[in-house]
Every structure is written in C-alpha cells, then in structure tokens.
Amino acid sequence: MARLISNNTSYQNKYADSGTNQVTALRKQGNLQQAHQLAMTLYNADRNDEWVQRALAWVLHDIVKAELKNNPSNANNWFNQLVNMRLNDQYINEGIERLRVQMSPTNHAVENANRLSKAHQHQQALNEFRAISSQYGNLPVSQAEKYGWAIYRCLKAEAEQMPVLAVKRMLVEYNNLNVEKPSMLHSQILAFVMYYSRSNQGIDIYKYFLSWNPAYLSPEDVRPSEYQGKVTAALLERLGKELVNSPSVIDFNDLDKRIKIPHNISLIDSYCESIFWLAMNANKENRLHDLWNILDRYVNNYSGYGAGKWHSEILVVAERTMIETQTWRFPSFLQRWGVQNFQREDWVRGVYNDKPTKSLVEKALSKLIDSIKDNQNQNPDEVRWMQPLFEKAATHYNKDVWALRNYARVLIKVGEPDKAITLYKDVLLSLNDQAYAWHELAKLLQASEPKIAISMLCMAISKQPAEDFLGDIRLNLATLLINQQSLREAKRELETYESHRKFKEWKISQEFNKLMAGLSEVTALDYDRNYYRKNTELAESYIYKDIAWQDFLVFQAWTSTKNDKSDEMIAVSNLQDIEIVTKSRRFKALRNTKINDVIKCKVYYDKAKERHTAVLVEKSDTTYKDIIGNAMEAIAVIDGVNQNRELFHYHHSEAINGNILFANSKIEPKVGKCIAIKYFMHYNTKFKKKMAKVLDATDTDKTNNAIVKSVYGEVRLKYKKDGRTLSYDQAQGTDVDITNPNFAFLEDYHIPSRVIKEAGITHDQDVKILVLLKEGKWNTIEIEKV
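All residue numbers for the sequence shown refer to numbering that gives the first Met the number 0, where the first residue is 0 and numbers rise by one.
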C-alpha cells in the first residue's frame with residue numbers, strides 16, 4: 000500500500016511540473032485564457048504546491064496588465080484574486096505593487112505629466128503634477144518619484160533664468176514628496192543644489208545638505224565613477240569642496256556623525272583643498288582684500304580640525320603672500336593655524352635646481368624671527384607661543400646652528416637669558432669667525448659680566464675686517480668701556496665710528512652724540528688693531544673653558560693654491576679618531592710647525608660640516624715619542640720586498656696595509672716576517688678613503704695567526720697545454736717545459752708561478768708554504784723546500 004501511495008505521489012509531482020511549464024509557455028505566448036484554465040486545474044489539484052501557486056500568480060498578473068489596457072473596469076476583480084493569494088514571493092509582490100500604481104486613479108494623469116516632463120515641457124508638466132497632488136493628496140512612491148524627476152529636470156533646464164526664491168520653493172516642493180531615499184533622484188537633487196549654490200548665495204549648500212539629510216547618502220555617492228575613461232570624484236568629495244560657498248561655519252564633526260554609510264572621504268580635507276585654490280586665485284588676480292578674508296576666516300574656524308596636506312598648503316600660501324608690507328600678518332596667522340599642526344613632511348627640506356631649499360617649518364620660523372627683530376617693544380607674551388616650535392626645531396635640525404641661534408633669540412625675548420647664554424656658547428663654537436655672534440652674546444652678558452662682554456666685543460672687531468659692519472659693535476663697546484672708566488679707549492671707539500660714518504656719508508646715531516658729549520675733555524688713544532686681539536682671552540676662556548685640551552701630531556704639510564692664492568696647510572691627528580686640516584696662518588701656534596711636531600688643541604665637532612674643528616691651538620710639552628705611545632697597534636706581515644725602491648710592503652687588513660721605506664725602520668725585511676706597527680687612520684684624498692699611516696715599525700716575536708699560517712705537504716705542479724691542464728706526471732714525455740710550471744697547488748692552496756720559480760721548484764715534492772689572508776682568500780707569499 001505504501002508503495003502505491005509513493006508511486007501516485009511521484010506521478011502527481013511529474014504531472015504538476017509538466018503542467019506549470021505548460022502554463023508558463025502558454026502565458027508567454029499570450030494565450031492567457033488557456034494558461035489560466037490549466038493553472039486553475041493544477042491549483043485545485045494541489046493548492047500547497049509552490050510552483051503551481053507561482054504559475055497561477057504570474058498568469059493573474061499578466062491578465063491584470065492586459066485588462067488595464069483593454070477593459071480597465073475588469074482589472075480590479077482579477078487584481079483582487081492575485082492579492083488574496085498572499086504569496087510570500089519578492090518578485091510577485093513587487094509586480095503587485097507596480098500593478099497597484101497602474102490601477103491608481105492618478106496613474107493616467109501621472110504618466111501624461113511624466114511624458115510632458117520628458118518632452119521638456121517642464122512648467123506644464125509641473126502644473127499637472129501639482130493639480131494631481133492637490134486633488135488626490137500624497138502620491139504613491141513610484142508616482143511621487145516621477146513628480147520628483149519632473150522637478151529636477153525643470154530646475155536643471157530653467158533654474159538660471161528663475162528667481163532664487165522660485166528655485167527654493169521648488170526644492171521645498173521636492174522635499175515634501177514621498178520619494179524613496181536614498182535614491183538616484185535624491186542624489187541628483189543634491190548635485191544640482193551644489194552646482195547652483197556656487198553662483199547663487201541665496202541658497203546655503205551646508206544648510207540644504209542638513210535638510211537633505213546626510214543619512215540618505217547612497218553607496219554610489221561615496222565612490223568615484225568612470226565614464227569613457229574619465230574618472231569623476233565621488234559626490235560626497237565634491238560636496239566637501241562646494242561647502243566653501245556656504246556662508247555658514249561648517250561643523251565637520253557633526254557631519255561625520257550624521258553620515259551613516261561607510262566611506263573613506265575626508266570632508267575637511269576636501270574643504271581645505273577648495274580654500275587653497277580660492278586663496279591662490281585671489282592672489283593671482285591681486286584681490287588681496289579677498290585673500291586676507293579667505294585666510295582669516297579659514298584659520299579662525301577650521302584650524303581646530305588638525306593637521307593635513309591641504310592645511311599645510313594653505314600655510315604655504317600665507318607664507319608666500321604675507322610679504323613686505325603684509326609680513327605683519329603672518330605671526331598671528333600662524334598662531335591661529337596652530338604650530339602643533341605641522342606634519343612630518345613640513346619639516347623636510349627640498350631640492351630645487353640641485354640646491355637645497357628650506358622646509359615649510361624653516362620658512363615659517365624665518366618669518367617669525369623677522370617679526371621679533373622688527374618689533375623691539377614686543378610683549379614677551381606675544382612671543383611665548385612660538386617657543387615650543389623653536390625648541391623643537393633646534394632639536395630636529397640639530398646640525399643647523401641657525402636653528403639653535405634662533406631658539407636662543409626667542410629665549411631672550413621671553414625673558415630666559417640664562418638658557419639663551421647656554422645655547423649661545425654652542426652657537427659660537429660654529430660661528431666663532433662671525434662678529435655678530437660674539438656681539439649677540441656680549442649683549443646678553445654686559446649687565447652681569449661686563450669685562451667678559453668687553454672681551455667678546457674685542458673678539459668681534461678682531462674677526463670682522465670690514466668696518467662697514469662694526470658700527471653698533473663699537474658703540475656698544477664704548478658704552479661698556481665708559482662704565483669701566485676706560486675713557487680714552489672708549490673715545491677711540493667713538494672717533495673710529497664717527498670717522499667711518501662721515502667717510503661713507505652715513506647718518507650719525509643719537510647714541511653716539513650722547514656718549515661723545517660725556518667725553519669732551521678726554522683724549523682718545525691712537526688706533527691699534529692689535530689691541531682687540533690682545534683682549535680676547537677672557538672671551539675665549541669663557542666659551543672654550545669646558546673643552547679639554549688634546550695633543551695632536553702634525554703629520555702632513557703642503558701648499559694649497561686656489562684662485563691664484565696660496566695657503567700653507569697642515570693636517571693633524573690625535574692618533575685615535577680625530578683628524579683636522581687647517582691653514583697654518585689661522586693660529587699663531589701653527590706657524591713654523593713641521594711634520595712630527597706635537598701641538599695641543601681644543602676642538603669641537605661641527606655637526607653641519609660633519610667634521611672636527613680646532614678653536615684654540617697652543618704648543619705642547621708632549622714629545623713625539625710620548626704621543627705615538629697612544630697610537631693604535633697591530634701585528635702585520637711583510638708580504639713583499641722591493642730592493643730597487645728600498646721599501647717593503649706590509650699587510651694586516653684591507654684598511655691597514657702599505658709601504659715602509661727601509662730608511663724609516665731598523666727592520667731587516669723578509670717576506671713572511673711578522674712586525675709590530677704603531678699607526679693611525681687618516682683620510683686619503685687621492686683614494687677617497689681612510690688609510691693607515693704607520694708611525695713606527697719594529698721587529699716582534701709575536702705572530703698573527705688570524706692572517707698568516709704555514710702549511711706543509713706535497714706541491715703539485717700544473718701546466719697549460721692546448722686548453723688543458725696537465726699534472727707533472729702527465730707533462731713528462733710531451734713538449735711541455737716541465738721546468739716552467741704555470742701554477743701549483745698544495746692541498747687547496749693556490750701557488751702562483753712567480754713564487755714557484757723564485758724557490759726553484761721543478762717537480763712535485765714536499766714543501767712548506769706561507770699563506771696570507773687577503774680579501775677573504777688565502778694567498779701564497781713564500782715557498783720553501785723541506
């Protein structure tokens with residue numbers, strides 16, 4: 000019995016499947032009556048079969064569509080049958096909703112109005128839509144969407160000729176429609192308003208976007224699009240740029256919260272980019288009033304959003320345009336822009352025409368320093384906000400003495416002279432040849448250390464041969480000399496100042512007149528250039544007292560000719576890690592020095608030039624013998640002797656090797672012999688690398704097993720013939736000269752023909768070879784018969 004039921008059920012399923020396929024075929028052929036009859040037969044046989052239900056539903060759907068065209072009054076009955084089936088099928092239910100709209104009493108009128116809109120009869124179309132809406136109230140979503148498209152087409156075609164108020168009314172009309180959101184229509188309306196608001200200030204794009212509701216952005220609105228190879232930025236990104244046309248202050252944090260769809264677009268960055276171009280164009284068109292308004296409004300309202308590429312680019316515009324008579328604007332602008340907003344890239348220097356250029360930070364700092372110099376009466380509080388930036392710059396550009404000097408000048412301005420003095424000591428290590436640097440520190444010390452300040456001003460005058468640059472320095476020195484009751488010296492400074500100013504026909508300062516008035520009865524000393532050099536000791540001691548003296552050996556001397564000028568040069572080394580090259584005339588103690596003399600120096604490392612520099616030099620009591628006792632030592636091997644040139648070659652490593660003349664040592668040279676050397680490393684300009692310079696070489700009992708060793712065994716001679724390599728045994732009986740091997744081996748050690756011939760080896764035999772490690776390979780340097 001169970002088997003009979005199973006077979007019957009199987010038959011029914013096959014019959015139903017075959018029947019639904021036939022229903023579908025009849026429906027697509029337009030035989031709706033036959034299709035309906037067959038579908039009802041199947042449906043009455045099994046109302047729970049989903050495929051039968053779907054087949055019947057689509058037949059009813061197509062019957063309703065047909066009746067709407069041919070006999071609308073009958074359509075409702077068929078439609079009710081379809082709805083009453085209550086099928087849970089997405090596509091059938093969507094079809095039902097489309098039919099419901101078509102059966103609406105407004106459908107015919109809506110379609111007619113829609114055709115008018117597409118035919119560009121915009122006002123007539125809108126009048127009909129408005130009449131329909133007035134009579135029937137809110138339209139269904141699909142009909143309201145057609146109404147919305149009619150509004151969009153009208154705005155796009157006629158908005159430029161319409162009053163702004165009319166445009167705003169139409170936008171309100173659109174907002175009141177029951178349209179789907181998000182949708183293409185909703186996005187297109189926003190795009191229109193973005194474009195329209197550029198030239199019509201009556202519409203605030205920011206406020207409109209809020210009423211449009213940022214939550215209704217679609218996935219397409221936050222992605223770029225491409226058409227015929229042209230990529231268009233996402234609608235949201237373009238909106239960010241258009242927000243510059245809004246008179247409102249934009250709350251970008253609020254906008255980010257309102258936008259619900261995921262995206263990677265920064266509205267504030269897009270906005271900043273537009274501000275940048277607005278400012279650039281205003282400058283290009285010389286609309287300076289507009290430029291200052293654009294920049295001020297931006298920094299007043301948007302600097303709080305932090306660092307960014309375009310935030311920095313806006314500062315670039317300000318730095319380039321706030322020049323000459325407008326320079327005063329920059330400090331206030333930068334303060335509002337926010338020194339904490341500098342990006343890593345803003346600290347990086349550039350290159351233009353193969354020359355280094357300042358970073359954005361350095362350009363900003365330069366303008367700030369100029370503002371400090373130009374405003375002598377500036378309140379410290381007006382400068383204090385700059386201090387962290389200058390401090391960071393001094394650390395970041397730690398090789399740049401100017402960054403350190405500028406930081407010291409800011410510290411002076413904010414009332415921290417002690418810190419400034421400490422920095423100026425380092426500044427003067429790099430700028431010890433610059434008169435202005437000594438003068439700046441002298442002014443810092445003149446109240447607390449007047450004698451040291453006088454010495455520094457003397458140093459400044461001794462460093463500066465051009466009198467044109469010494470006016471303020473001489474007045475400052477005269478003031479301090481008067482305070483010290485050195486009146487004749489003071490008057491000498493004033494008369495020197497006056498004489499040069501009159502010669503140049505330059506204005507005499509009021510300060511000079513005031514100082515000179517008090518010295519009317521004083522007779523000035525004669526001018527003495529040596530006076531200033533003699534009075535620099537206090538200054539030198541103050542600056543260099545914390546630097547220890549070091550002994551240096553003079554190891555090289557030569558004459559350098561450049562631009563038809565000759566200079567005597569010397570090179571010195573502490574025999575460890577410092578080498579200095581300088582002109583011998585720079586320091587008195589260097590004059591008449593010769594090779595192997597010992598001097599003592601105070602030196603510092605110049606980070607900018609990446610080299611050590613001597614600041615003070617004196618003769619030393621240390622002897623040559625004593626100083627080479629501190630040199631580095633190594634055990635090297637003699638690997639070559641040249642009797643004709645009377646020298647031998649030693650080897651320790653790739654960096655430590657070279658020639659030693661017989662006359663410079665008491666060593667009896669022999670290949671393979673170990674010797675003790677004292678040396679230091681120096682930079683060889685010819686070979687452009689560091690090389691060893693030997694100070695002393697002596698015999699030693701020590702060996703250096705790391706680089707030299709003896710190997711015993713049978714040497715195997717090798718000969719070349721006709722592209723083949725023959726052994727000693729193979730070469731016998733041939734025309735090969737067995738007394739002239741091309742090379743040989745002992746184990747894996749290669750022996751060149753020169754070494755074999757020098758030892759007189761003519762056949763395979765037991766030998767001892769000496770091998771030396773060079774460039775990572777063992778090389779045979781000597782062979783002996785055993």
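Cβ atoms here follow ideal geometry from the backbone N, Cα and C, with glycine treated the same way. In this text the structure is predicted, and so the values were computed from the model without any measurement.
- Shortest Cα-Cα distance from residue 362 to any of 375, 346, 350 involves 346.
- When DSSP states are grouped into helix, strand and coil, residue 396 belongs to the coil group.
- Taking a contact to require three or more Cβ pairs closer than 8 Å, the stretch 588 to 601 and the stretch 653 to 661 do not qualify as touching.
- Shown here, residue 668 sits in coil according to DSSP, grouped into three states, outside any helix or strand.
- A direct Cα-Cα distance of roughly 21 Å separates residue 359 from residue 267.
- In the three-state DSSP reduction, residue 417 falls in the helix class (H, G or I).
- Annotation for residue 596: no beta strand (DSSP E) segment contains it, and DSSP assigns it neither H nor E.
- In the three-state DSSP reduction, residue 155 falls in the helix class (H, G or I).
- Taking C-beta atoms under 8 Å as the contact rule, residue 31 and residue 65 qualify, at a distance of about 6 Å.
- Between the stretch 537 to 553 and the stretch 633 to 646 there are fewer than three C-beta pairs closer than 8 Å, too few to call the two in contact.
- Residue 742 is bridged by DSSP to 717, 751.
- When DSSP reads this structure, residue 60 sits in no beta bridge, so it has no partner.
- Bridge partners of residue 777 according to DSSP: 772.
- Cβ neighbours of residue 639 within its own chain (closer than 7 Å, five residues either side excluded): 647, 648, 670.
- Annotation for residue 660: the continuous beta strand (DSSP E) segment containing it runs 656 to 660.
- Residue 400 sits buried, since 16 or more C-beta atoms from the chains shown fall within 10 Å of its C-beta.
- Burial of residue 316 is indicated by the presence of at least 16 other C-beta atoms within 10 angstroms of its C-beta.
- In terms of Cα proximity to residue 307, the closest of 324, 298, 341 is 341.
- The beta-bridge partner set that DSSP reports for residue 552 consists of 572, 597.
- Comparing alpha carbon positions, the residue from 348, 310, 322 closest to residue 338 is 310.
- Residue 697 and residue 664 have their C-alpha atoms spaced approximately 7 Å apart.
- Using a C-beta cut-off of 8 Å, the stretch 613 to 622 makes no contact with the stretch 737 to 747, since fewer than three inter-stretch Cβ pairs fall below that distance.
- Rounded to whole angstroms, residue 425 and residue 774 show a C-alpha spacing of 44 Å.
- Between residue 633 and residue 676, the C-beta spacing is below 7 Å.
- The three-state secondary structure of residue 351, taken from DSSP, is strand.
- With distances taken between CA atoms, residue 94 lies nearest to 141 out of 485, 141, 748.
- Residue 582 has its alpha-carbon roughly 12 Å from the corresponding atom of residue 560.
- Contact between the stretch 500 to 518 and the stretch 466 to 479 is present, with at least three C-beta pairs closer than 8 Å.
- The DSSP-derived three-state label of residue 695 is strand.
- Inclusion of residue 553 and residue 579 in the CB contact set at 7 Å is not warranted, their separation being larger than that value.
- Note on geometry: alpha-carbon atoms of residue 239 and residue 225 lie some 20 Å from one another.
- Taken through DSSP and simplified to helix, strand or coil, residue 504 comes out as coil.
- Residue pairing by DSSP places residue 673 opposite 636 in a beta bridge.
- Contact between the stretch 316 to 328 and the stretch 364 to 381 is present: three or more C-beta pairs spanning the two stretches fall below 8 Å.
- Annotation for residue 235: the continuous alpha helix (DSSP H) segment containing it runs 234 to 241.
- A straight line joining the alpha-carbon of residue 444 with that of residue 254 spans about 57 Å.
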